[in-house]
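In my numbering, each number is its position in the sequence shown, counted from 1, plus 80.
C-beta atoms are modelled at their ideal positions from N, C-alpha and C, and glycine is treated no differently.
Reviewing the structure listed below.
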Amino acid sequence: MVKQSIFGRIAQLAKANINSVIDQAEDPQKMLDQMVRDYTNSIAEAESAVAQTIGNLRMIQDDYQEDLDNARSWGNKALAASKKADDYRAAGDPVDAEKFDNLAKVAIQRQITAETEAKGAEPTIASQEEIVGKLKNGLTQMKGKLNELTSKRDQLIARSRTAQAQQQVHDAVKSIDFLDPTSEVGRFEEKIRREEAKVRGQQELASSSLDAQFESLEDLGEQTEIEARLAALKSGSASSSPSALEQGTETPKY
């Protein structure tokens, strides 16, 4: 019953839907690690039980071999006693002959008993050998399942981590979509455009003021030129007027 219970647990572990267990677990890695530990412990218990079963089989086999040896030994003793009785009978000693015949009968009886015990153990030995063979094969299969479970655990943990990373990326993208940063960028761009337009206006205003200054300078230069020419005219007319008078009053010479 103990062996059946152990192998029953192993069978349940082997048939467990690992994916379903992971879906219900808060921490899949811890859950899978625990499954591997449980499976390993159950196999260790099964190995101990199988070892005990093999030990019991070996004891039965030893007893069986001992019965066969005893049967052979008592057979030899019966044969020896019978020959001794024949010798005494041939020598004309019926008393000792009868004595050794009786010893031969005792030996034969014990031989029969040993043979009966050995024969009775044969079905048990055959059954136990079959059970041990199945248990050994079962242990081999379970160890293979443990390797599969370990590999499956590593694969599922890797898949779980990948899924978590993908979920984080998805949540981040979803958060970005929700915040819609393009609208913030648009507002910032509009603000910059207004600042650029203001600078352009200031530059245009500064340019207009500078042009006006140059125009006033040009007007000033023109007025200066006019004043200078007027002064020159006056100066010229002033210097030419006396010469004309002098030419007009000069006494002609005859």
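For residue j and residue i, believed in contact at Cβ under 8 Å, the rounded distance
{"i": "A158", "j": "A129", "result": "No, A158 and A129 are not in contact; Cβ-Cβ is about 43 Å, not under 8 Å."}
{"i": "A201", "j": "W154", "result": "Rounded, the Cβ-Cβ distance is 17 Å, inconsistent with contact."}
{"i": "A165", "j": "D181", "result": "4 Å"}
{"i": "I205", "j": "Y119", "result": "That belief does not hold up - the Cβ atoms of I205 and Y119 are roughly 32 Å apart, past 8 Å."}
{"i": "R233", "j": "V116", "result": "6 Å"}
{"i": "A198", "j": "A238", "result": "Incorrect: roughly 59 Å between the Cβ atoms, too far for contact."}
Contact set for residue i: own chain, Cβ-Cβ below 6 Å, skip 5 residues either direction
{"i": "S315", "result": "none"}
{"i": "A312", "result": "none"}
{"i": "P174", "result": "none"}
{"i": "I134", "result": "V212"}
Own chain residues within Cβ distance below 7 Å of residue i, not counting five before or after
{"i": "L325", "result": "With a pLDDT of only 43 at L325, under 50, the local geometry of the prediction cannot be trusted, and no value is derived from it."}
{"i": "V82", "result": "Here the model assigns V82 a pLDDT of 44, short of 50, so the residue's position is not dependable and the matter cannot be decided."}
{"i": "Y168", "result": "D176, A177 and F180"}
{"i": "A187", "result": "W154, K157, A158 and A161"}
{"i": "T230", "result": "V116"}
{"i": "Q352", "result": "Because residue 352 is not part of the residues shown, which for the chain are 81 to 334, the question remains open."}
Contact set for residue i: own chain, Cβ-Cβ below 8 Å, skip 5 residues either direction
{"i": "E209", "result": "L137"}
{"i": "E127", "result": "L219"}
{"i": "L226", "result": "V116, Y119, T120 and I123"}
{"i": "L310", "result": "none"}
{"i": "L285", "result": "none"}
- Message: Give the list of continuous alpha helix (DSSP H) stretches no shorter than 4 residues that lie fully inside the region 142–217.
- Response: Taking 4 residues as the shortest admissible run, the region 142–217 contains no complete alpha helix (DSSP H) segment at all.
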